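K.L.:
This is the structure I have questions about; it appears just below.
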DNA sequence: GTTCGACTCGTACAGTGTTCGATTCCACTC
DNA sequence: GAGTGGAATCGAACACTGTACGAGTCGAAC
């Protein structure tokens with residue numbers, strides 16, 4: 001019953017003797033395929049032919065497709081650059097980090113599909129986390145709060161960017177531009193929103209806004225929100241030693257089952 | 267070149283004459299399959315046999331699998347309950363809304379795979395958005411800020427919950443419990459973190475913490491962060507009429523191309 | 001009783017990830 | 001130089017997948 005945890009990073013890379021094909025090579029080819037034609041374009045057969053090798057040769061270097069995806073994922077994590085916090089304020093560092101991720105995601109829209117679902121424990125992910133945690137250390141967070149702050153920021157960025165990416169992919173698929181597509185969706189939305197007059201009113205009111213600009217503003221809005229929230233916590237922690245345990249959360253769940261997800265305090 | 271936008275919600279449901287099979291029925295069966303055995307278990311063939319009908323009969327009620335997924339997605343959105351804001355403060359409403367989503371996601375872990383990538387314009391998604399926007403209206407936000415606040419909260423909740431779900435699915439797959447799995451991953455992480463001593467030190471320091479508790483604390487941490495940030499903005503807006511446009515963001519992109527994703531202000 | 005549309009479904013196609021066993025190739029020892 | 005063992009490649013085959021197509025069934029309206 002009990003299987004072991006397994007990941008590309010648990011297994012050693014296979015010893016190189018006559019490397020006509022290598023992991024690095026495979027990963028690069030996979031990335032090119034993904035960037036050029038998206039997630040669906042990456043099949044083992046296409047990858048094989050692109051590498052000029054047999055279809056199944058890849059399987060000697062990589063256990064299965066999921067491992068390959070772990071590798072390319074970490075490759076993208078390598079592009080999430082954390083600025084050196086010693087050169088600016090933590091707010092600036094965190095902010096431009098967020099924008100860097102956003103940019104990298106636009107470059108590799110396909111990653112969002114497995115960014116929360118594939119374990120990110122590769123070396124590049126580690127490097128990124130290390131830098132981000134350092135940022136929040138310098139900000140004044142202590143203990144696990146450093147991790148919490150980091151994961152909060154990451155969660156937000158991934159969360160907002162996901163729909164943006166899907167929007168862009170829809171643009172590509174349909175060949176329309178932003179405002180055309182918006183107009184094309186409008187009737188559906190309005191029909192669905194018919195039962196919620198105030199919502200319909202809003203859509204009518206803001207229909208003229210440029211979609212992309214609105215998205216950019218949205219991103220900035222949430223980002224400053226989070227940074228403000230973090231700052232507020234810092235200031236609060238400065239005076240009274242806060243107890244971060246919300247009521248209803250047990251410190252250790254009695255058995256493997258974990259139902260300590262109590263609703264928020266009232 | 268230019269295709270039209272298309273979604274289940276654009277097409278009318280097919281007229282019912284002798285409904286031995288119906289959309290509602292299909293969606294219910296699909297949900298059951300998904301909840302019971304996860305995303306991979308939902309194939310059109312299995313769905314057909316579960317419904318006691320031919321494999322391809324479903325295709326008369328639904329154009330293709332993606333449409334079916336749009337339908338089940340909206341079904342889940344129906345479980346994201348927004349509390350009536352007139353009965354508490356907006357903070358409490360937003361907070362328990364966040365926890366409600368979290369709970370619903372735990373119940374249907376598979377949705378996270380297409381929650382940002384499939385357009386959410388079904389009636390239930392609309393109802394939810396309407397309620398959430400109303401919450402932030404009552405909080406004091408005006409204009410597009412209501413949308414921004416809503417999408418910020420949603421983005422965060424989806425973003426943090428995603429890795430939690432992947433964690434849980436790994437638990438199921440391996441049959442280990444939380445702390446066993448954690449211990450099993452530990453060496454990989456430590457090895458990868460070897461180059462980042464401060465990171466390694468952190469992991470050693472907090473290894474004893476219960477994973478699930480830590481995750482719950484993390485969720486609460488980020489949530490209060492966002493609520494604090496929103497509140498700060500409300501207070502700020504009370505006195506000076508803020509200009510939310512960050513420098514470097516054009517109000518309208520000149521052509522379809524949208525490169526107004528300037529880095530954060532320095 | 002015929003006709004027409006709603007609806008079901010079997011077959012077939014092109015594609016997928018992956019297994020298995022055979023094959024090639026190279027570095028090494030005797 | 002012949003021989004051996006493992007590294008690496010690869011072709012064929014298996015069990016799947018989503019879906020197009022066309023033939024078939026059924027119920028009601030004329």
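Residue numbers (the numbering used here), protein chains in the order written: chain A, 1 to 266; chain B, 267 to 532. Glycine included, each C-beta is placed from N, C-alpha and C at the ideal position. Since the structure is predicted, the reported quantities are computational estimates derived from the model, not experimental observations.
1. On the DSSP letters alone, give me the boundaries of the alpha helix (DSSP H) that residue 167 of chain A sits inside.
2. Tell me which residues share the same chain as residue 141 of chain A and place their Cβ nearer than 6 Å to its Cβ, disregarding the 5 neighbours each side in the sequence.
3. Any beta-carbon of chain A closer than 8 Å to the one on residue 401 of chain B?
4. Looking only at C-alpha atoms, which of B:321, B:371, B:271 sits nearest to residue 300 of chain B?
5. Check whether the stretch 126–138 of chain A and the stretch 462–469 of chain B are in contact - that is, three or more C-beta pairs closer than 8 Å.
6. If you follow the alpha helix (DSSP H) that residue 38 of chain A is in, where does it begin and where does it stop?
7. Tell me the rounded alpha-carbon separation between residue 46 of chain A and residue 55 of chain A.
8. When the cut-off is 8 Å and only beta carbons count, does residue 346 of chain B lie next to chain A?
9. Check whether the Cβ of residue 289 of chain B lies closer than 8 Å to any Cβ atom in chain A.
10. With distances taken from CA atoms, which of A:176, A:146, A:121, A:6 is nearest residue 77 of chain A?
11. If you check the beta carbons only, do residue 138 of chain A and residue 90 of chain A fall under 8 Å apart?
12. Would you identify the three-state DSSP class for residue 119 of chain A, choosing helix, strand or coil?
13. By the criterion of Cβ-Cβ separation under 9 Å, what are the contact partners of residue 204 of chain A in chain B?
14. Applying a beta-carbon distance threshold of less than 7 Å, which residues of chain A neighbour residue 367 of chain B?
15. Determine the contact status of residue 274 of chain B and residue 337 of chain B, defining contact as a CB-CB distance below 8 Å.
16. Quick check on DSSP: helix, strand or coil for residue 286 of chain B?
17. Spatial neighbours of residue 96 of chain A within its chain, please: C-beta separation below 6 Å, excluding the five flanking residues on both sides.
18. Which residue spans inside the stretch 54–95 of chain A form an unbroken alpha helix (DSSP H) run of at least 4?
19. With a threshold of 16 other CB atoms inside 10 Å of the CB of residue 242 of chain A, please say whether the residue is buried or exposed.
20. Based on Cα-Cα distance, which residue from B:402, B:440, B:288, B:308 lies nearest to residue 327 of chain B?
21. With a Cβ-Cβ cutoff of 8 Å, do residue 469 of chain B and residue 459 of chain B count as a contact?
22. Is any beta-carbon of chain B found at less than 8 Å from that of residue 238 of chain A?
23. Can you name the start and end residues of the alpha helix (DSSP H) that residue 494 of chain B belongs to?
24. Residue range of the alpha helix (DSSP H) that residue 315 of chain B falls in?
25. If contact means a Cβ-Cβ distance below 9 Å, which residues of the stretch 435–455 of chain B contact chain A?
26. If you measure beta-carbon to beta-carbon, which residues of the stretch 138–163 of chain A are closer than 9 Å to chain B?
27. For residue 356 of chain B and chain A, any beta-carbon pair shorter than 8 Å?
28. If the cut is a Cβ gap below 9 Å, which residues of chain B does residue 4 of chain A touch?
29. Please classify residue 235 of chain A: is it buried, with 16 or more other beta-carbons within 10 angstroms of its beta-carbon, or exposed?
30. Quick one: list the residues of chain B neighbouring residue 9 of chain A, beta-carbon separation under 7 Å, in chain order.
31. In angstroms, rounded to a whole number, what distance separates the CA positions of residue 432 of chain B and residue 153 of chain A?
32. Near residue 493 of chain B, what residues of its chain come up, given a Cβ to Cβ distance below 8 Å and the 5 sequence neighbours on each side ignored?
33. Report all residues from its chain with a CB closer than 7 Å to the CB of residue 316 of chain A; omit the five preceding and five following residues, and keep chain order.
34. Quick check: what's the CA-CA separation for residue 25 of chain A versus residue 58 of chain A?
35. Interface residues of chain B around residue 70 of chain A at Cβ under 7 Å?
36. Could you check whether residue 162 of chain A and residue 382 of chain B sit closer than 8 Å to each other, using their CB atoms as the reference points?
P.N.:
This is what the structure holds:
1. Boundaries of the alpha helix (DSSP H) harbouring residue 167 of chain A: 145–174, taken from the DSSP string.
2. Only 149 meet the Cβ criterion.
3. Closer than 8 Å: no.
4. Ranking B:321, B:371, B:271 by Cα distance to residue 300 of chain B puts B:371 first.
5. Enough Cβ pairs lie closer than 8 Å, so yes.
6. Unbroken run through residue 38 of chain A: none, as it is neither H nor E.
7. Residue 46 of chain A and residue 55 of chain A have their alpha carbons spaced roughly 8 Å apart.
8. Answer no: the Cβ-Cβ gap between residue 346 of chain B and chain A never drops below 8 Å.
9. No - not a single Cβ of chain A is within 8 Å of the one on residue 289 of chain B.
10. Taking only the C-alpha atoms, the option nearest residue 77 of chain A is A:121.
11. Contact: yes.
12. Three-state result, residue 119 of chain A: coil.
13. Correct list: empty, because the minimum Cβ distance to chain B is about 13 Å.
14. Residues of chain A with a Cβ closer than 7 Å to the Cβ of residue 367 of chain B do not exist, since the nearest Cβ in that chain sits about 11 Å away.
15. Yes. Within cutoff.
16. Collapsing the DSSP output to three states places residue 286 of chain B in coil.
17. Within the same chain, residue 96 of chain A has close Cβ partners 83.
18. Counting only runs of 4 or more, we get 58–61, 65–77.
19. At residue 242 of chain A, the pLDDT of 48 sits below 50, so the modelled position is not reliable and the matter cannot be decided from this model.
20. Taking only the C-alpha atoms, the option nearest residue 327 of chain B is B:288.
21. Contact flag set, yes.
22. With 8 Å as the cut-off, residue 238 of chain A does not count as an interface residue toward chain B.
23. Taken as a continuous stretch (DSSP letters only), the alpha helix (DSSP H) holding residue 494 of chain B covers 477–504.
24. Residues 310–316.
25. Hits within the stretch, in order: 435, 436, 437, 439, 440, 441, 442, 443, 444, 445, 446, 447, 450, 451, 453, 454, 455.
26. Listed by position, the residues of the stretch 138–163 of chain A near chain B (Cβ gap below 9 Å) are 143, 144, 145, 146, 147, 148, 149, 151, 152, 153, 154, 155, 156, 157, 158, 159, 160, 161, 162, 163.
27. Residue 356 of chain B does not count as touching chain A.
28. Going along chain B in sequence order, the residues near residue 4 of chain A (Cβ under 9 Å) are 440, 442, 450.
29. Residue environment: residue 235 of chain A is assigned as exposed (fewer than 16 neighbouring CB atoms within 10 Å of its CB, all protein chains considered).
30. Chain B residues near residue 9 of chain A: 454, 458.
31. One alpha carbon belongs to residue 432 of chain B, the other to residue 153 of chain A, and they sit about 19 Å apart.
32. Here residue 493 of chain B has 357, 360, 361 as same chain residues with Cβ atoms under 8 Å from its own Cβ, once five neighbours each way along the sequence are excluded.
33. No information on residue 316 of chain A is available, as it lies outside the stretch 1 to 266 that chain A covers here.
34. Looking at the two C-alpha atoms, the distance is approximately 10 Å.
35. Those within 7 Å of residue 70 of chain A in chain B number zero; the least Cβ separation is about 11 Å.
36. Against a cut-off of 8 Å, the Cβ pair of residue 162 of chain A and residue 382 of chain B comes out as a contact.
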